[in-house]
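The block underneath contains the structure these notes are about, expressed in structure tokens.
Number of protein chains: 2
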Amino acid sequence: MSVDPAKRTAERPLQEPDAQAEAFAVVRQAHQMETTEDYVELIDDLITSQGEARLVEVAERLGISQPSAGKTVARLQREGYVTSEPYRSIFLTEKGKKLADASRERHDVVYQFLLKIGVSDTTAKIDSEGLEHHVSEETLDAFRRIINAR
Amino acid sequence: MSVDPAKRTAERPLQEPDAQAEAFAVVRQAHQMETTEDYVELIDDLITSQGEARLVEVAERLGISQPSAGKTVARLQREGYVTSEPYRSIFLTEKGKKLADASRERHDVVYQFLLKIGVSDTTAKIDSEGLEHHVSEETLDAFRRIINAR
DNA sequence: GTATAAACTAAGCCATGGCTAAATTTAAGA
DNA sequence: TCTTAAATTTAGCCATGGCTTAGTTTATAC
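Sequence order for the protein chains is L and P.
Residue 35 is where the first sequence starts when you use our numbering, and the numbers rise one by one after that.
Residue 35 is where the second sequence starts when you use our numbering, and the numbers rise one by one after that.
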């Protein structure tokens, strides 16, 4: 599968600069949404399964400090994804709920896909967390086809 | 494929907090390496195909300003991935070359895999750029199996 | 050989998202 | 009720990686 370094130039010529720049721009943009998606997805999961989303739990599950989580939640509030009053739990806005649902859908497809192609459950959980933000609709469709196959 | 929201709780219970935190930690760590990998991979490609890697070209292909690219190249130098003297072109150290080769290998596998499952070339190029940093060895092996199948 | 353009560096701005330490508020228990 | 513990916020630190504007160096072309 590996590409012979000596043949690399011929087999994998440089892309057009703009096309390449565009690909990196897409990644950077996805990047900006990653944190937002992870938070709303997690907050939604917490509300569903525990009745409410407390900052302390969000922080614990993200594996970061409470102040760090709080800072990002403040940004999410500024941007209209969540609401919360001081010292109270966190709620999703319509916008936040929509994003959470879409993210979870994507996350689930990636997770199921990984399982389908023989990846272990543990790895599927870890990898899907990272991959979900970088999968286009077209690729997602390809994943769905494979999940549904046979 | 989509999961009925009403059944979500039962079908997709919360993970253990530590396991979930660990997955996010993996993503954050991958994140830290992303920029580094993109740069060394690009620098290696430029050296191979054009004889040298100039900052102006790196910046253009990443779609960012020259000073921004310069700042990151300075970090890469600090961390031992590249060398370069003022106003001169950029070279990879052993460490940088190794990382570039590994990154390209991974990148290629993801790209070939996407093509194999029916994703268009354009999308495969874009998505592989984002996905390559979040694919574990185990998943990569699954991808390789599929590329080699039939 | 010198003028000019291109490449690069320097300085300083910004937002994000980590952190710790300390203050505040809320909730719980005695 | 009152004390205390837990949750949250505030303040301030740091690195990364974007940006612009302005200065410096190098290379080109005349």
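Glycine is no exception: its CB is placed at the ideal position from the N, C-alpha and C atoms.
Of the residues the options, the one placed nearest residue i, counting alpha carbons only
| i | options | result |
| --- | --- | --- |
| D78 of chain P | P:T69, P:I181, P:D135, P:Y121 | P:D135 |
| L48 of chain L | P:T117, P:L76, P:V61 | P:L76 |
| E56 of chain P | L:Q146, L:A93, L:A183, L:F147 | L:A93 |
| R138 of chain P | P:T156, P:L165, P:D155, P:T117 | P:L165 |
| F177 of chain P | P:T157, P:H141, P:Q54, P:T156 | P:H141 |
| E180 of chain L | P:F147, P:G104, P:K131 | According to the sequence shown, residue 180 of chain L is Ile rather than Glu. Closest by alpha carbon: P:F147. |
| V74 of chain L | L:S170, L:K132, L:T157 | L:K132 |
| Q66 of chain P | P:Q54, P:G104, P:A103, P:H168 | P:H168 |
| D52 of chain L | P:E91, P:E113, P:S170 | P:E91 |
| T69 of chain P | L:D72, L:T70, L:F58, L:T69 | L:F58 |
| Y115 of chain P | P:A183, P:S170, P:E171, P:D72 | P:D72 |
| D155 of chain L | P:D155, P:T157, P:T173, P:Y145 | P:T173 |
| E113 of chain P | P:L89, P:S102, P:Y145, P:G130 | P:G130 |
| E86 of chain P | P:E171, P:P101, P:A183, P:S118 | P:S118 |
| S170 of chain L | P:G104, P:Y145, P:T157 | P:T157 |
Secondary structure of residue i, DSSP reduced to three states
| i | result |
| --- | --- |
| A183 of chain L | coil |
| L174 of chain P | helix |
| Q49 of chain P | coil |
| S154 of chain L | coil |
| I98 of chain L | coil |
| V169 of chain P | coil |
| A93 of chain L | helix |
| M35 of chain P | Confidence is the limiting factor: at M35 of chain P the pLDDT is only 44, short of 50, which leaves the residue's position unreliable, though a coordinate-based value still follows. In this structure, M35 of chain P counts as coil in the three-state DSSP scheme. |
Beta-bridge pairing of residue i - partner residues as DSSP gives them
| i | result |
| --- | --- |
| E57 of chain P | For clarity, residue 57 of chain P is Ala in the given sequence; the question names Glu instead. In DSSP, A57 of chain P forms no bridge with anything. |
| A87 of chain P | P:I124 |
Would you mind listing the alpha helix (DSSP H) stretches within the region 107 to 151 of chain P that are 4+ residues and don't spill past its ends, in chain order? Whole alpha helix (DSSP H) segments, 4+ residues: 128 to 150.
At least three beta-carbon pairs within less than 8 Å, the region 66 to 86 of chain L to the region 124 to 140 of chain L: Contact check between the region 66 to 86 of chain L and the region 124 to 140 of chain L: three or more CB pairs, one atom from each, fall below 8 Å, which counts as touching.
Under 8 Å, with one C-beta from each stretch per pair, do the region 55 to 62 of chain L and the region 89 to 109 of chain P reach the 3-pair mark? Touching, yes, given that three or more Cβ pairs across the two stretches are closer than 8 Å.
Could you say if the region 112 to 124 of chain P and the region 145 to 152 of chain P meet the contact criterion of at least three C-beta pairs nearer than 8 Å? In short, these stretches do not touch, since the Cβ pair count stays below three.
Determine, using beta-carbon pairs with one atom in the region 160 to 168 of chain P and one in the region 103 to 111 of chain P, whether at least three such pairs fall under 8 Å. These segments do not touch.
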